[in-house]
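S.K.:
2 protein chains.
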Amino acid sequence: MNDDFFMSLAIKQAWKFQILTLPNPPVGCVITQNNMIISISAHKKSGSPHGEVGAIKQAYYNLTQDKNILPLETSQDIHNFLYENHNNIFSNCELYTTLEPCNHYGKTPPCSLLISKLNFKRVIIGAKDDNKIASGGINSLIKENIKISYAKEKESLALIDGFKKYQKNQLVFFKYASTINGVITGGYLSCDDSLDDVHKLRDKCDLLVIGGNTVRKDRPTLDSRRVNGKNPDILIYSNSKNFDKEIPLFKIKKRKVFISNDLNIMKNYKCVMIEGGGNMLENIKEKVDYFLIYLTPQISDKDNIKPNINLEFLNYEEKGKDIKVWASKRK
Amino acid sequence: MNDDFFMSLAIKQAWKFQILTLPNPPVGCVITQNNMIISISAHKKSGSPHGEVGAIKQAYYNLTQDKNILPLETSQDIHNFLYENHNNIFSNCELYTTLEPCNHYGKTPPCSLLISKLNFKRVIIGAKDDNKIASGGINSLIKENIKISYAKEKESLALIDGFKKYQKNQLVFFKYASTINGVITGGYLSCDDSLDDVHKLRDKCDLLVIGGNTVRKDRPTLDSRRVNGKNPDILIYSNSKNFDKEIPLFKIKKRKVFISNDLNIMKNYKCVMIEGGGNMLENIKEKVDYFLIYLTPQISDKDNIKPNINLEFLNYEEKGKDIKVWASKRK
Numbered sequence: 042m043n044d045d046f047f048m049s050l051a052i053k054q055a056w057k058f059q060i061l062t063l064p065n066p067p068v069g070c071v072i073t074q075n076n077m078i079i080s081i082s083a084h085k086k087s088g089s090p091h092g093e094v095g096a097i098k099q100a101y102y103n104l105t106q107d108k109n110i111l112p113l114e115t116s117q118d119i120h121n122f123l124y125e126n127h128n129n130i131f132s133n134c135e136l137y138t139t140l141e142p143c144n145h146y147g148k149t150p151p152c153s154l155l156i157s158k159l160n161f162k163r164v165i166i167g168a169k170d171d172n173k174i175a176s177g178g179i180n181s182l183i184k185e186n187i188k189i190s191y192a193k194e195k196e197s198l199a200l201i202d203g204f205k206k207y208q209k210n211q212l213v214f215f216k217y218a219s220t221i222n223g224v225i226t227g228g229y230l231s232c233d234d235s236l237d238d239v240h241k242l243r244d245k246c247d248l249l250v251i252g253g254n255t256v257r258k259d260r261p262t263l264d265s266r267r268v269n270g271k272n273p274d275i276l277i278y279s280n281s282k283n284f285d286k287e288i289p290l291f292k293i294k295k296r297k298v299f300i301s302n303d304l305n306i307m308k309n310y311k312c313v314m315i316e317g318g319g320n321m322l323e324n325i326k327e328k329v330d331y332f333l334i335y336l337t338p339q340i341s342d343k344d345n346i347k348p349n350i351n352l353e354f355l356n357y358e359e360k361g362k363d364i365k366v367w368a369s370k371r372k
Numbered sequence: 042m043n044d045d046f047f048m049s050l051a052i053k054q055a056w057k058f059q060i061l062t063l064p065n066p067p068v069g070c071v072i073t074q075n076n077m078i079i080s081i082s083a084h085k086k087s088g089s090p091h092g093e094v095g096a097i098k099q100a101y102y103n104l105t106q107d108k109n110i111l112p113l114e115t116s117q118d119i120h121n122f123l124y125e126n127h128n129n130i131f132s133n134c135e136l137y138t139t140l141e142p143c144n145h146y147g148k149t150p151p152c153s154l155l156i157s158k159l160n161f162k163r164v165i166i167g168a169k170d171d172n173k174i175a176s177g178g179i180n181s182l183i184k185e186n187i188k189i190s191y192a193k194e195k196e197s198l199a200l201i202d203g204f205k206k207y208q209k210n211q212l213v214f215f216k217y218a219s220t221i222n223g224v225i226t227g228g229y230l231s232c233d234d235s236l237d238d239v240h241k242l243r244d245k246c247d248l249l250v251i252g253g254n255t256v257r258k259d260r261p262t263l264d265s266r267r268v269n270g271k272n273p274d275i276l277i278y279s280n281s282k283n284f285d286k287e288i289p290l291f292k293i294k295k296r297k298v299f300i301s302n303d304l305n306i307m308k309n310y311k312c313v314m315i316e317g318g319g320n321m322l323e324n325i326k327e328k329v330d331y332f333l334i335y336l337t338p339q340i341s342d343k344d345n346i347k348p349n350i351n352l353e354f355l356n357y358e359e360k361g362k363d364i365k366v367w368a369s370k371r372k
């Protein structure tokens, strides 16, 4: 139990909301006191409290059992309540945040202000923020005599690398589900938790790219009905324009559907999810930033997908009976 | 953050020591107070303190910062110290243990006695202990007016199922390392952390079964030199007795090496690890209780292994750059 351990917990919590926080970065936060874990939290979606505020709110309740904080939902309300009621209970606490606390009034007041007013004993930072508007949190904390340390910089940078790509230009990830021996067809189907998860991601993507053969064979809907979300535009990657327009994906309203072999269409979109099999992956792998793999619990007697790609595992977590793995290309 | 969440933490901690605790069961323990995590621990090896004692020792230090407990290593010493010094600090704490606390004087004094003397607010149990000698902990706690709850029984039973097989008769697991698309040859090699882990397991196994072709091709040593451990006996599963005796595995002292196509040799051993490829797995899968898979970060362009087996994922954890997965056959 050391700084690396607690920062890893914060990073793992934040990965659960990868993509879902866009256009904000994923940020995780852990608060400790004498090596005890007082709270664990993460930023969940744009407009809701930052990871630090969620963790501080929960820590306040855990330490005091004062229920008055529980109904407060906006960052401003939580800030105001804590300024009046903190009673210095955080002065022996340490706060681990995967990203330098924000230092500006945006949709929410600055986390750096809250942390320094509550007089935390020490703040441990994963990655520094290179965003010109939000950064400056570390300097603000130092000015207020808060002790600063650093931990797990590489992993904390990896956590927000997708967000940075999104912010600068575009984020592209390839999603597939396979058995644990790499079989994507005729295998065990993904569990409900994994399917829900895919629909949450579709809700956040603005373009979904899919192979023509998959569309002809699976006749998919490609919506986000499981979470009542938005439905991304579709690019069917295909040389032939010949598709049965009764396939459900064409019936979704307020959606553009492109049928084309020109991947340049992707350039008009900020967050692109690609769904497909081995051929699609082979054709498109140079354009992919991240791989999202749902591993299902089976060793299958079928052939695996086999484009040759060196990976780096970034995170894995339980999704019902499956394992959800995020990976990037190995550098 | 509820009973299931905290019990899952305890279960995950215990899985890290699966096999390594033999002839004892793996047991994990988490102590909380008002939803704050005061300590996390697990039983590490036979003769060392039980999971509960390790967690209580760490919780005492975290809550009091009294360093006098830190040098104490035996359960008896920790018990004695806590009886005198606990000062009722645990009366608002809850203890999550994956297995009913032991209730007898074995190599260590009974955990049930310690827990009731320290007057925990509540004890949450994963699995009941059906061992006739050690069981009775729950009844002892109830007699001392400790409140009992239950959580994650299925997962807690799965954690100790291998131990039960070992105790009753024999535990057999098949280990392989593959890329994330199921390729075990010519792929990316396992990382150092995974290799260390395999040597720790070999140290605890009494027989290692390996295919003849693998022995001829890889010329392995099959020892546990990375952890200075014991070296298991070897069964080379082969129709031909013809092997170059210069292959390093034959040079290891105090080891029997069988060369045979008779798997009944396995029956003389309590803990059997099988290492091999797809053919070996196909031939032996009926005899396998558990699968231990080290997934390496690569999608390879080679063929996968493909015996058809429906699995249930039991646990996965980080091993350096790899993912270590425990699975059983799906029931």
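Chains as they are written, first to last, in our numbering: chain A, 42 to 372; chain B, 42 to 372. Virtual Cβ for every residue (Gly too), placed ideally from N, Cα, C. What you are looking at is a predicted structure, and each value in this text was computed from that prediction instead of being measured.
Just to confirm my understanding: we take Q117 of chain A, look at its own chain, exclude 5 residues before and 5 after, and list those with CB closer than 8 Å. What are they?
M.R.: So the list reads T149, P150, once near-sequence residues are dropped.
S.K.: Is there a C-beta anywhere in chain A that falls below 9 Å from the one on N121 of chain B?
M.R.: No - not a single Cβ of chain A is within 9 Å of the one on N121 of chain B.
S.K.: Run through DSSP, which three-state label would K258 of chain A get?
M.R.: Correct three-state label for K258 of chain A: helix.
S.K.: Can you give the Cα-Cα distance for D285 of chain B and K292 of chain B, rounded to whole angstroms?
M.R.: Near 11 Å, if we compare the C-alpha coordinates of K292 of chain B and D285 of chain B.
S.K.: With 9 Å set as the bound, which would you pick, yes or no: does the beta-carbon of F161 of chain A sit closer than that to a beta-carbon of chain B?
M.R.: Not closer than 9 Å to any Cβ of chain B, the Cβ of F161 of chain A fails to qualify, so no.
S.K.: From this set, B:D244, B:I315, B:I288, B:R260, which residue's C-alpha is nearest G270 of chain B's C-alpha?
M.R.: The candidate whose alpha carbon is nearest that of G270 of chain B is B:D244.
S.K.: Less than 8 Å between the CB atoms is what I'm expecting for T139 of chain A and G69 of chain A, so what's the real figure, rounded?
M.R.: At roughly 5 Å, the Cβ-Cβ gap stays under 8 Å, so T139 of chain A and G69 of chain A are in contact.
S.K.: Sort B:V239, B:P142, B:K162 by Cα distance to R267 of chain B and report the nearest one.
M.R.: The option with the nearest alpha carbon to R267 of chain B is B:V239.
S.K.: Which of helix, strand or coil does DSSP assign to Y278 of chain A?
M.R.: It is a strand residue.
S.K.: What are the residues in the segment 335 to 355 of chain B lying within 8 Å of chain A by C-beta distance?
M.R.: Those would be L336, P338, Q339, I340, S341, D342, K343, D344, N345, I346, K347, P348, N349, I350, N351, L352, E353, F354, in chain order.
S.K.: May I ask which residues mark the beginning and end of the beta strand (DSSP E) holding A55 of chain B?
M.R.: It is not in any beta strand (DSSP E) - A55 of chain B instead sits in the alpha helix (DSSP H) that spans 44 to 56.
S.K.: With DSSP as the reference, label A192 of chain A as helix, strand or coil.
M.R.: If DSSP states are grouped into helix, strand and coil, A192 of chain A belongs with coil.
S.K.: Taking DSSP's pairing of strands, which residues face Q74 of chain B in a bridge?
M.R.: DSSP, once it has assigned bridges, lists B:M77 as partnering Q74 of chain B.
S.K.: Identify each residue in the segment 217 to 243 of chain A for which the Cβ-Cβ distance to at least one residue of chain B is less than 8 Å, and report them in chain order.
M.R.: Residues passing the 8 Å Cβ filter: S219, T220, I221, N222, G223, V224, Y229.
S.K.: My output table needs one value for L373 of chain B: the three-state DSSP class, helix, strand or coil.
M.R.: The structure shown does not extend to residue 373 of chain B, since chain B is modelled only from 42 to 372, so the question has no answer here.
S.K.: Please name the residue or residues paired with R296 of chain A in a DSSP beta bridge.
M.R.: Its beta-bridge partners do not exist; DSSP assigns none.
S.K.: Relative to chain B, which residues along the segment 70 to 100 of chain A have a C-beta separation below 7 Å, given in chain order?
M.R.: The segment 70 to 100 of chain A vs chain B, Cβ under 7 Å: N75, N76, M77, I78, I79.
S.K.: Which one or two residues does DSSP pair with V250 of chain B in a beta bridge?
M.R.: DSSP output for V250 of chain B lists B:L276, B:I315 as bridge partner(s).
S.K.: Distance, Cα to Cα, S49 of chain A vs L113 of chain A?
M.R.: One C-alpha to the other measures close to 28 Å.
S.K.: Around the C-beta of P289 of chain A, are 16 or more other C-beta atoms found within 10 angstroms, so that it is buried, or is it exposed?
M.R.: Result: exposed.
S.K.: Where are the beta strand (DSSP E) runs, 3 residues long or more, that stay fully inside the segment 110 to 144 of chain A, in chain order?
M.R.: Taking only runs of at least 3 residues, the beta strand (DSSP E) segments lying wholly in the segment 110 to 144 of chain A are 135 to 140.
S.K.: Residues bridged to R163 of chain B by DSSP?
M.R.: For R163 of chain B, which the question treats as bridged, DSSP gives the partners B:E135, B:K188.
S.K.: Report the rounded CA-to-CA distance for N222 of chain A versus Y101 of chain B, giving the unit in angstroms.
M.R.: Each residue's alpha carbon lies about 45 Å from the other.
S.K.: Name, in chain order, the residues that DSSP records as bridge partners for D363 of chain B.
M.R.: Beta-bridge pairing links D363 of chain B to B:K360.
S.K.: T105 of chain B lies in the alpha helix (DSSP H); which residues open and close that run?
M.R.: Per DSSP, T105 of chain B belongs to the alpha helix (DSSP H) from 92 to 105.
S.K.: Is the segment 303 to 312 of chain A touching the segment 334 to 346 of chain B in the sense that three or more CB pairs, one from each, lie closer than 8 Å?
M.R.: Because the criterion of three Cβ pairs below 8 Å is not met, the segment 334 to 346 of chain B and the segment 303 to 312 of chain A do not touch.
S.K.: So which of A:W367, A:N133, A:T115, A:N254 has the shortest CA-CA distance to S301 of chain A?
M.R.: Selected option, being the one with the closest Cα: A:N254.
S.K.: According to DSSP, is S301 of chain A part of a helix, a strand, or is it coil?
M.R.: Of the three classes helix, strand and coil, the one that applies to S301 of chain A here is strand, per DSSP.
S.K.: Can D344 of chain B and S231 of chain B be called in contact, C-beta distance under 9 Å?
M.R.: Contact flag unset, no.
S.K.: Check Y310 of chain A in the structure and name its three-state DSSP category.
M.R.: Three-state DSSP puts Y310 of chain A in coil, outside helix and strand.
S.K.: Identify, in the order they occur along the chain, each residue of the same chain with its Cβ nearer than 6 Å to the Cβ of K169 of chain A, setting aside the five sequence neighbours on each side.
M.R.: The residues are E141.
S.K.: Per DSSP, what kind of secondary structure is K370 of chain A in: helix, strand or coil?
M.R.: Of the three classes helix, strand and coil, the one that applies to K370 of chain A here is strand, per DSSP.
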